[in-house]
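Asks: Residues in the sequence shown are numbered from 5 upward in steps of one, following our numbering. Don't be surprised by glycine CBs; every beta carbon is placed ideally from N, CA and C.
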Amino acid sequence: MAAQIQLPLDPPHPARPQRNLRALQKQAPVHRVSTAVGDPAWLVTGYQEIKQLLADPRLGRSHHDPENAARSGASELLDGPRGDYETEQKWIATMRSRLQPFFSAGHVKAMRPRVEALTGELLDRLEKQGPPADLAEALALLLPREVIGELLGVPAEERGLLDEWTTAVSDARDRERSRAGLAALHRYGHELAARKRAHPTQDVVSWLCEDGTLTDDQVAQLAMGVLFAGYETTATALCVGTALLLDSPEQWRALGEDPGLAPTAAEESVRVVSRLLPPVIRYTREDLEIAGAEVRRGELVMLDIYAATHDENVFPDPDRFDITREDNPHLCFGFGLRYCIGAPLARLELQSALAQLTARFPRMRLTVPVEDLTVRPGSFAAIPTSLPVTW
Ligand code: HEM
């Protein structure tokens, strides 16, 4: 095997191709690397290999010796082992069986009018405020936060705090900050569960409490898991989709005039969110071989979703943002056992936001070249720091 490769290879950006990673992908589907915090790992870049490994039960998120496991970064929750090694599979089954009903296609369809209305309210506010504006603040971050806040039953005035804590948890460079954010989020989840047990309302946390089989700790874990899994990811997809649409006035116009393009535009936004999210991580539960590489039990395996969704053999012209892309088998919602429970909701939010935005603001444009956009440094999701627009 060649000399170890030091991560990160390329800085994340909504529009700039990750050239070093793509060059690596052309050489082989799996590589020995050193993570951003200096730990040894395997980086998988082949589309087929990643798809198979996502569905392979021989890999998990927990580790038999978590204190000594390799890490991809400093985030307490995201960059290292998670969950109990003995009961991981059981917990996944419990989590999915309790959460899935709230995110089924039927349930999410019933949420459409509310999500459309929330989008409309945010755009009314934007219109009233007038140009210039920061679309990341005014829409992309706010919509997912409000949708998840309502869904979980988090009072409106407490949602700002959640924002602060999730940002802290995501910190990939400061383990202490990430730990403190996670602890605060958990304390809040407990408090919320206790409040909902005492005074149930029509929301997911109240329903999880009514389930009768879950402890407050489990309710808190599920609720904060949903918040975490569904907030920054959707906000980032909305940011990158909006930025790339703004960079392509003919596609902006086409979507504004034809809301029938919203499903493919949303799906393409999910594909390109991989430009701003890190690889999915796993630990091997037994020795195994990945494309000829001998991987030992307990080693860190990083599945590079960006590489998979920009693989020229699967996605023609992968650097082009194309809202009419029909064949789009991206792996950005994962695959197999842990496939994203919130995918229907994320799609709904993206469709609603992109369709309404382009229809209501046909003349909107970025005030800086898309190339000059910057992203949050050192965070799990490289959310653009701002999307400055005028109209
Ligand atoms: C564009 C937005 C989103 C993206 C790109 C995304 C991506 C993903 C991915 C890649 C996974 C699999 C992780 C793995 O295999 O380890 C996942 C799992 C999950 N997602 Fe999403 N997601 C998004 C939106 C949402 C939303 C809106 C929700 C809920 C409100 C949500 C809830 C979940 C949950 C509960 C899991 C299971 C986590 C686990 O098994 O540990 N996601 N998501």
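1) Check R45 in the structure and name its three-state DSSP category.
2) Which of the three DSSP states is assigned to G64 in this structure?
3) What span of residues does the alpha helix (DSSP H) with E168 cover, start to end?
4) Identify whether P148 lies in helix, strand or coil by the three-state DSSP scheme.
5) How far does the alpha helix (DSSP H) with H314 in it reach, from first residue to last?
6) Okay, do the stretch 249-263 and the stretch 181-194 touch, 3+ Cβ pairs below 8 Å being the bar?
7) Closest to R65 by CA distance: which of T288, V34, E298 and A297 is it?
8) So, helix, strand or coil for Y287, using DSSP?
9) For the beta strand (DSSP E) that S38 lies in, which residues bound it at each end?
10) To which residues of the same chain is I152 closer than 6 Å at the C-beta, ignoring the five residues directly before and after it?
11) Do the stretch 127-139 and the stretch 85-99 make contact, defined as three or more Cβ pairs closer than 8 Å?
12) Taking only runs of the alpha helix (DSSP H) that begin and end inside the stretch 328-356, which ones reach a length of at least 4 residues, in chain order?
13) Using 7 Å as the cut-off, classify the Cβ of G84 as near or not near the heavy atoms of ligand 1, replying yes or no.
14) In the stretch 86-165, which residue ranges form an unbroken alpha helix (DSSP H) of at least 4 residues, counting only runs that do not cross its ends?
15) If contacts are defined as beta-carbon pairs under 8 Å, then A357 and L146 qualify, I think. What distance do you get, rounded to the angstrom?
16) With a cut-off of 8 Å on the beta carbons, I'd call D207 and L155 a contact; round off their distance for me.
17) Whose C-alpha, out of L189, A109 and V209, is nearest the C-alpha of A198?
18) Tell me which residue opens and which closes the alpha helix (DSSP H) that I387 is part of.
19) Run the proximity test for I387: is its beta-carbon closer than 7 Å to any non-hydrogen atom belonging to ligand 1?
20) In angstroms with no decimal places, state the Cα-to-Cα distance between E180 and T91.
21) Is it buried or exposed, E353, if we count other Cβ atoms within 10 angstroms and call 16 or more buried?
22) Say the cut is 7 Å; is the CB of V276 nearer than that to a heavy atom of ligand 3?
23) In whole angstroms, what separates the C-alpha of P12 from that of H203?
24) Does DSSP put R369 in a helix, in a strand, or in coil?
25) Check whether the Cβ of H67 lies closer than 8 Å to any Cβ atom in chain D.
26) With C-beta atoms as the reference, is V173 less than 8 Å away from L81?
27) For L377, count neighbouring Cβ atoms within 10 angstroms of its own Cβ and tell me buried if that reaches 16, exposed if not.
28) Is the Cβ-Cβ distance between S137 and V379 less than 8 Å?
29) Straight-line CA distance for H229 to G346?
30) Looking at C-alpha atoms only, which residue of D175, A184, R149 and D178 is the closest neighbour of D167?
31) Looking only at its chain, what residues have a beta carbon closer than 8 Å to the beta carbon of T268, apart from the 5 residues adjacent to it on each side?
Replies: From the atom records:
1) The sequence given here has Ala at residue 45, not Arg. If DSSP states are grouped into helix, strand and coil, A45 belongs with the strands.
2) strand
3) R163 to V173
4) helix
5) Note, H314: premise wrong, no alpha helix (DSSP H); not H, not E.
6) no
7) T288
8) strand
9) V34 to S38
10) L231, G234 and Y235
11) no
12) none
13) no
14) 92-103, 109-133 and 146-156
15) About 10 Å separates the two Cβ atoms, so there is no contact after all.
16) 7 Å
17) V209
18) Where I387 is concerned, there is no enclosing alpha helix (DSSP H), given that its DSSP letter is neither H nor E.
19) no
20) 27 Å
21) buried
22) Summarising the ligand content, the structure contains ligand 1 and does not contain ligand 3.
23) 47 Å
24) strand
25) No chain D appears in this structure, which consists of one protein chain only.
26) yes
27) buried
28) Per the sequence shown, the amino acid found at residue 137 is Ala instead of Ser. In this structure, V379 does not lie closer than 8 Å to A137 by Cβ.
29) The residue you asked about is not His; residue 229 is Gly in the sequence shown. Using only the alpha carbons, I get a separation of about 11 Å.
30) R149
31) I327, T328, R329, E330 and N332
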